[in-house]
Amino acid sequence: MITPQELVSKIKLYHHNLDENLIIKAYDFSKNSHGNQRRHSGELYFSHPLAVAEIVAELKLDEESIATALLHDVVEDTDISINDITKNFNQDIANIVDGVTKLSKIENLHNADRVAENFRKLTMAMSQDIRVLLVKLADRLHNMRTIEFVPSKEKRLKQANESLEIYAPLAGRIGLNKIKDELQDLSFAVINPEARNSIIAKLNEIRENNKNIIDKIINKLNEILLADGVESEISGREKKPYSIWIKMKAKNIGFYNLHDIMAFRIIVKDVANCYKTLGIINSNFNMIPGSFDDYISTPKENGYRSLHFAILAFEGNKIEIQIRDQEMHNSSELGVASHWNYKEKFIKNNQNSKIKIQEKNQYRWIRELINLFENSESASDVLKHHKLNMHKDEVFCFTPNGDIFNLPHGSSVIDFAYAIHSEIGNNCVSAKVNGMISTLRQTLENGDQVEIITSKNSKPSPNWLQFVITSKAKSAIRNFIRNQKYQEYSTLGHAILQKYFVLKGLEFDEKLLEKSLSFFNKKTLSDLYFKIADGSITRHEILKHIYPDFIDEGREIRSAKPLQKIIKKSKYHLPLIGLVDGMAIKYAGCCNPIPGDSILGIINTGTGVTIHQKMCRNLKNLALNPQHVIDVCWKEEESLEENFTTQIRVVVENKSGALAEITSQIAKKKININHIKTTNRSLDLFEVLIDINVKNVEHLEGILSSLRFSKKTIQVERIAGYQS
Ligand code: MN
167 MITPQELVSK IKLYHHNLDE NLIIKAYDFS KNSHGNQRRH SGELYFSHPL
217 AVAEIVAELK LDEESIATAL LHDVVEDTDI SINDITKNFN QDIANIVDGV
267 TKLSKIENLH NADRVAENFR KLTMAMSQDI RVLLVKLADR LHNMRTIEFV
317 PSKEKRLKQA NESLEIYAPL AGRIGLNKIK DELQDLSFAV INPEARNSII
367 AKLNEIRENN KNIIDKIINK LNEILLADGV ESEISGREKK PYSIWIKMKA
417 KNIGFYNLHD IMAFRIIVKD VANCYKTLGI INSNFNMIPG SFDDYISTPK
467 ENGYRSLHFA ILAFEGNKIE IQIRDQEMHN SSELGVASHW NYKEKFIKNN
517 QNSKIKIQEK NQYRWIRELI NLFENSESAS DVLKHHKLNM HKDEVFCFTP
567 NGDIFNLPHG SSVIDFAYAI HSEIGNNCVS AKVNGMISTL RQTLENGDQV
617 EIITSKNSKP SPNWLQFVIT SKAKSAIRNF IRNQKYQEYS TLGHAILQKY
667 FVLKGLEFDE KLLEKSLSFF NKKTLSDLYF KIADGSITRH EILKHIYPDF
717 IDEGREIRSA KPLQKIIKKS KYHLPLIGLV DGMAIKYAGC CNPIPGDSIL
767 GIINTGTGVT IHQKMCRNLK NLALNPQHVI DVCWKEEESL EENFTTQIRV
817 VVENKSGALA EITSQIAKKK ININHIKTTN RSLDLFEVLI DINVKNVEHL
867 EGILSSLRFS KKTIQVERIA GYQS
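Here it is as structure tokens:
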């Protein structure tokens, strides 16, 4: 434990006309008051206020702050009253001690509002005298430094969370960044030691693999600045494990290299040199657009001044740079505390109204916080409202080569791919964002480095249209789908026409067809087939045009041979007879046909062929052109691997276990359930709609009958849009 004289000489280093007696008196008063009280660590309790006083002295605060630090726990923990403090010291010290004591009392409450209430009281107290907060932060910092001695894990967690949620942001807010960093790190170690340890291990590993990289970057920066006659002091630092962790959580990423963990600070002579340095770096490196913040011309609310930006440099590494002069630097290290150097007695001297006004403006944000409290329920609400909301309309992202692409806010990886080139977009299979494999729909942020991975066999998916936002990507995807659909439809139209001619016993000759192109106002056969498939030209119209003399006897010639030839061409093993490969088919959602059902195909303009049950009641509602109906049936040998989705409706008693009974019955038949929806829940009954995968009608009947035998079920049926 340091002696009063040692403490005094520490303070004297920055405080020249120190009232030594005040410090010595407070030292003795506190030591005697706490007497033989002990901390959890077994040390004398007085070691704590003394350590807090030392922290306050490191902040270069005034003598009253240090006296307060020494006395901050005597009212709380001993028989001494605030009145005693006023009598023995002065009103200001008593007020600050009172503020800190009140805060400690609130900390010991155990209710849900405690945190908010605590924060509310803290801001009230701060608004009277900012030194309350400074002493409180020093107190909290020392308690966090010694938290390992607190026996209850619950209490340790509570303290750590509170430090993270309230005290660290407050420290940051008034510019005490060193205290903020330390509070975060100490809390992180309590709350999530595993995450912290693994980040530290990873940092060590990265450091090992990139020996001297920080020095190399510093040397390079130094070199280009000196070439332009700018003298500077450059330091590089790694970001703290906690801030890396927050970024990992926010972006749901791991970190893999130096990208996100390095920041450099350049301290120059004066403001003019700050901007000159900015210019020099700018002309030597690619600045990441959108990353630039000028806190010199527009200081932060806490008075912080600096130039901030990021550059892409040194083998594609993104690094952050801060430029400031010495005065700005001192102020950022010590925050509000640094002002005590210049206006040593400004709070004590209450008569000096000019200084008071200055003080008011400087801490206007505290008053704003109090206003916020009047309209909000919780501390977290206030903290949320108070976050700087930077609405930027654009993001700027990089290729691995450093080319910049400027995209609207909310753009995805796919948008980026199409921004580079439509071929890259069309062939995009995956991507890496800042070195991490990302999804294609991942939203990009300013400064992201995006590497698109392509494959020649890959094609755009219509699903992409759900999340791309740039018109370039949208139109390119639509274009591709249109082309692909054109191919599919041409194949389908060709097959429809060929099959029709064969059925009518006529020769299918493309040379004859070509002669009719001009009549149908088409340039190519593919165009003509497309129009047949999408239904705008019927197969009968074409037949009539080529064979004007043909008389349809209404009887189709059954010529199995050529028909089989068509079917054999199928590569896709469609379970249906009557279709050929390349056809876009889908099963109607209204009747969910499965093998064994009587079916037919409907050619729909724009969507290919839809397979319905012949009994589907929706068919009645469709104004069907007979030319659009094609005969299809299930292949007999099929139904091997493929499963078909269909929907069943089960009504059961509203008793516990009823639903479990149904699902286990279905599982016993080795049938997969796709989806379950419970409806019409009443007191006695509820209805379950289940989507299941079955092989065919027989398979389905098996499960339906076993469900019907169950005691708990009242009604079991297939939902198939039947005509009833
Ligand atoms: Mn304390």
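Be aware that the sequence shown starts at 167, since it is given in the numbering used here, and climbs by one per residue. Ideal Cβ placement from N, Cα and C applies to all residues, glycine included.
Under the rule that 16 or more other beta-carbon atoms within 10 Å means buried, what is residue i, buried or exposed?
i           : result
residue 310 : buried
residue 670 : buried
residue 759 : buried
residue 167 : exposed
residue 206 : exposed
residue 194 : exposed
residue 874 : exposed
residue 705 : buried
residue 197 : buried
residue 580 : buried
residue 628 : exposed
residue 438 : exposed
residue 367 : exposed
residue 265 : buried
residue 295 : buried
residue 393 : exposed
residue 406 : buried
residue 354 : buried
residue 486 : buried
How many angstroms separate the CA atom of residue i from the CA atom of residue j?
i           : j           : result
residue 374 : residue 362 : 18 Å
residue 723 : residue 801 : The predicted position of residue 723 is uncertain, since its pLDDT is 42 and thus under 50; a value taken from the coordinates is nonetheless stated next. Residue 723 and residue 801: Cα-Cα distance of roughly 22 Å.
residue 344 : residue 429 : 15 Å
residue 881 : residue 825 : 14 Å
residue 834 : residue 752 : 29 Å
residue 796 : residue 769 : 7 Å
residue 576 : residue 582 : 11 Å
residue 754 : residue 776 : 6 Å
residue 867 : residue 664 : 38 Å
residue 782 : residue 756 : 8 Å
residue 567 : residue 587 : 15 Å
residue 497 : residue 210 : 35 Å
residue 479 : residue 336 : 34 Å
residue 329 : residue 180 : 29 Å
residue 667 : residue 609 : 53 Å
residue 672 : residue 710 : 12 Å
residue 884 : residue 623 : 41 Å
residue 216 : residue 236 : 6 Å
residue 830 : residue 602 : 42 Å
residue 728 : residue 767 : Residue confidence is low: residue 728 scores 37 on pLDDT, short of 50, so the model does not pin down where it sits. Its coordinate-derived value is still stated next. Answer to the nearest angstrom: the Cα atoms are 21 Å apart.
residue 786 : residue 778 : 12 Å
residue 605 : residue 597 : 7 Å
residue 879 : residue 317 : 57 Å
Are the beta-carbon atoms of residue i and residue j separated by less than 8 Å?
i           : j           : result
residue 463 : residue 489 : no
residue 694 : residue 676 : no
residue 177 : residue 259 : no
residue 398 : residue 432 : yes
residue 379 : residue 387 : no
residue 639 : residue 591 : yes
residue 774 : residue 658 : yes
residue 595 : residue 636 : no
residue 352 : residue 390 : no
residue 839 : residue 858 : yes
residue 300 : residue 225 : yes
residue 484 : residue 476 : yes
Bridge partners of residue i, per DSSP?
i           : result
residue 602 : 599
residue 401 : 431
residue 855 : 815, 843
residue 210 : 204
residue 459 : 474
residue 884 : 814
residue 483 : 479
residue 921 : Given a span of 167 to 890 for the chain in the structure shown, any question on residue 921 remains unanswerable.
Relative to the ligand NAD, is the shortest distance from any of its heavy atoms to the C-beta of residue i smaller than 7 Å?
i           : result
residue 491 : Summarising the ligand content, the structure contains the ligand MN and does not contain the ligand NAD.
Between the region 458–477 and the region 356–368, can you find at least three pairs of beta-carbon atoms closer than 8 Å?
no
Touch check for the region 814–822 and the region 853–862: three-plus C-beta pairs under 8 Å?
yes
Within 8 Å, do at least three Cβ pairs link the region 374–383 to the region 324–343?
no
Contact between the region 604–621 and the region 642–658 (3+ Cβ pairs under 8 Å)
no
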